[in-house]
Amino acid sequence: MFSSGFFLPALLWLAQEATSHPACKPGMNSNAMTGKAIYVLTNEKANGVLAIPIGQDGTLSKGKVTMTGGAGSVAVDAEGKPATPDALISQSALTIAGNNIFAVNAGSNTLSMLRVSRSDPTKLQMVGKPVQVPGEFPNTVAASAKNGVVCVGSTGAKAGVSCSSFSRQGLGAMDELRTIDLGQTTPPAGPTNTLSQVLFSEDESMLFTMVKGDPAVNNTGFISVANVEMNNGVAAVSKQDARSSPEGTAVLFGSQVIPGTSKVFATDASFGAAILDVDPNNCEATTAAKGAVDGQTATCWVAISPATKSAFVTDVGRNRVVEMSLEDASVVSELDLTCNGDPGLIDLAASGNFLYALSPGNGTTQAAVTVLDVSGGSGSAKMVQHFELAGMASNTAMGMKVICTICGIALRRSEGWKTDVVALSGPHWPQLLESPSSLRVNDDQVSRHATKPDYQHPSLILLPQEQKIYPHATYELNKRSDKPSEWEGIMFVGLHAACEDLANRVMKKSYKARLSHFTPKVPENKPGLPFSVGLGRYFVPSRSIQLYGYYEDSWWNEDPVSIPNLTTLLIANLKPEKDVSGKLPKTLTGFQKRLECLPRELKDLIYSFLHRDHLPLDCTYIMPQSMWKQVFFQVPFLWDLDEKEIHDKTSAGDFNVQNWDWEKITRQVVTPPEIPRQDSIGGGGGAWSFHKVGLNVPGGFTNRRRIWQILEEMYPNDVRH
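In case it helps, mature numbering (1 follows the signal peptide of the UniProt record, and there is no 0) puts the sequence shown at residues -20 to -1, 1 to 701.
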């Protein structure tokens, strides 16, 4: 299933009329027809191609999977962890020529060929058997219908390009590997220093191979260009190539040939995109233009639209589509898609007046395809559909997982407090991109289920009936209304029981809680804000959410409810009050005495105001410490303090209540967590903790404060569809 969708690496489309040209070369006529289907490589252990039909209005409907007969795989990062969500670190893991689809199987080092039925674009049939690739970890493929040649790029320990012929009978044997010395492993450690894409020129006379460099070690990427040669009427790609590193490029990634030219529009993850001019005489590529994309995480994928005569690029870390000029690579427009809740986008395809952008999901969001209407020409892109891929495949997905809807940490067994898992189910409106503020769900519409995680699938198993469900998928959809926005189904979410406990406490005790029930998913951003923080809303490094094994010993993996020795360790931070009498107005003493004499109900009102507002760390010492002590004891997430232990400590010796700095420790404790810096989100060093405000407390308490903040920031209309 696509509940997590981390390993969905490629998307392409099939035109209404089969053409002899590969899909990487859309025509430039503005009246191009709407495609018949889009295709997604599942990249699961048992690999498959998901075919999704395109309607006359450009929108998508439920598709089906055809197996490739091979296995998927996933690259790793520098620490040997799965390099999700960009599992194959490439573009064009699928390609199409005529009515044939070619798919790489990175886990079995094979290439598969499938034929598309002319009457039903979702009906695929394997042609022959998968052919063995001499390289390791094949991650990109290009096909030339004109020459009957298909080429595969491999980026593992044996890296390079190999090609074979194809016909109606299937694939021929691959020729020897055209080696590219990357010094890689299998699976490769990326995303840098890997093959990005293979593609043919517009006239299919040359094969381009894009190779990423690694700026961290001053390793420059390059483009390899090899001619297609004819020998006794049989086409073959030359074993000799010309390699060049176009000026100003470093991490060349996804590329598309600019129709009618010898130029290639290539993304570069280090800055944005460039237009490369390939000389057909010497096969050398030079930089014709460069364009920087502001605020990028890594611009990696590109599609050229025939309707707009421009390029569209995506970024796995930003949920937006950026339109760029085919003349000078300047940014033409930007479409913010944060309203649909996707964490970011990977591969995309242009078909007629529409653009289809694939999001791999992140464990809290489904893998999905966003459909954009670009019929108005350049600068006109608008979202017309957000199509979730849940429920369209049932194959075992390697490494996928279900994470807690509240805290973002994986639901797993045999890990202490994480062993107790529950599921909630409630009404869901899948066609609503943003829930109206008036939407309310009654408590009796939300059901609680005992459950356990499923290790083999990104799913949960309801107990005792052993029913498998996929969180955030839509069940029992009622389509009786003519308005899709009114279609109602049921959605399940998975939670740690400890997080459910905290949610109930927030709803009962917090002055800031905006929820009366907790069916929403964690928000990407607060309503009305023009930006998205993505996984940063969990206040921990993104890889601790996306991957197993990352930062297992970090505080966000500690029990947030049952915290041993919390009182002893927390109150150890309480220090004697500093002498600030000389820095405060002389009239303050009288003011403090009058505050202390206020009726209880007025004091309670003051305390409630302090809990509602954000308290800066800097102390003012205007309010008496006796009142700050009461504020401290009323902090809603300090319900389990041992008041006797605190009394024994603060009453010992010559100190009294006025001699302890209750104001400082209160301000420290209520300090909200911060979203990790963008440049630190992938590493543990950038994560917020109480140490940053001078508190030495158990990790479980830091985790409690984090989850409390997440729950307080949820809005009733934060449900993401």
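Note that the Cβ used here is the ideal one computed from N, Cα and C, for glycine as well.
A straight line joining the alpha-carbon of Met154 with that of Phe334 spans about 36 Å. Going by DSSP, Asp628 is part of no beta strand (DSSP E) but of the alpha helix (DSSP H) stretching over 623 to 630. Residues of the same chain with a CB within less than 6 Å of the CB of Val473, apart from the 5 flanking positions on each side, are Thr385, Leu404, Pro451 in chain order.
Taking the C-beta atoms as reference points, Thr247 is found nearer than 7 Å to Gly234. By the C-beta density criterion, Lys488 is exposed, having fewer than 16 other C-beta atoms within 10 angstroms. With a 10 Å radius around the Cβ and a threshold of 16 neighbouring Cβ atoms, Lys463 comes out exposed. Looking at Leu179, Asp183, Gln177, Ser224, the one whose alpha-carbon comes closest to that of Thr200 is Ser224.
Bounds of the alpha helix (DSSP H) holding Asn484 are 477 to 489. DSSP, reduced to helix, strand and coil, places Gly570 within a helical segment of the structure shown.
At a Cβ-Cβ threshold of 7 Å, Val273 and Val302 count as neighbours. A straight line joining the alpha-carbon of Pro596 with that of Leu618 spans about 19 Å.
Residue Leu187 holds the alpha-carbon nearest to the alpha-carbon of Val217 among Leu187, Ala230, Gln236. Note that the region 85 to 99 does not touch the region 290 to 304; fewer than 3 beta-carbon pairs, one per stretch, sit closer than 8 Å.
Pairing His594 with Leu585, the inter-Cα distance amounts to about 16 Å. In this structure, the beta-carbon distance from Ser70 to Ser176 falls below 7 Å. According to the DSSP assignment, Lys42 belongs to no beta strand (DSSP E), since it is labelled neither H nor E.
DSSP, read as helix, strand or coil, puts Trp640 in strand. Under DSSP, Arg428 shares a beta bridge with Leu404. Contact between Thr75 and Ala122 holds: their C-beta atoms lie close to 6 Å from each other, under 8 Å. Gly38 and Thr46 have their C-alpha atoms some 23 Å from each other. The shortest C-alpha to C-alpha distance from Asp641 to any of Lys609, Leu369, Asp622 is the one to Lys609. Around the Cβ of Lys243, a 10 Å sphere holds 16 or more other Cβ atoms; the residue is buried. DSSP, reduced to helix, strand and coil, places Arg158 within a strand of the structure shown. Contact between the region 539 to 556 and the region 670 to 687 is present: 3 or more CB-CB pairs across the two stretches fall below 8 Å.
Nearest Cα to Lys629 within the set Leu550, Lys573, Ser427, Asn458: Leu550. Per DSSP, Val611 is one residue of the alpha helix (DSSP H) stretching across 605 to 613. Remark: C-beta atoms of Trp668 and Asp539 do not approach each other more closely than 7 Å.
Sorting Asn173, Ala269, Gln36 by C-alpha distance to the C-alpha of Val231 places Asn173 at the top. Residue range 580 to 592 is occupied by the alpha helix (DSSP H) that includes Tyr587, with no beta strand (DSSP E) assigned at that position.
Residue burial annotation: Asp598 is exposed, with fewer than 16 other C-beta atoms found within 10 angstroms of its C-beta.
The beta-bridge partner set that DSSP reports for Ile551 is empty. Distance from the CA of Thr431 to the CA of Trp688, rounded to the nearest whole angstrom, comes to 23 Å. Annotation: Thr165 is outside any beta strand (DSSP E) and is labelled neither H nor E by DSSP. Classified as exposed, His627 has fewer than 16 neighbouring CB atoms from the shown chains inside 10 Å of its CB.
Using a 10 angstroms sphere on the CB of Ala58, the tally of other CB atoms stays under 16, which defines it as exposed.
Between the alpha carbons of Met363 and Glu692 lies a distance of about 30 Å.
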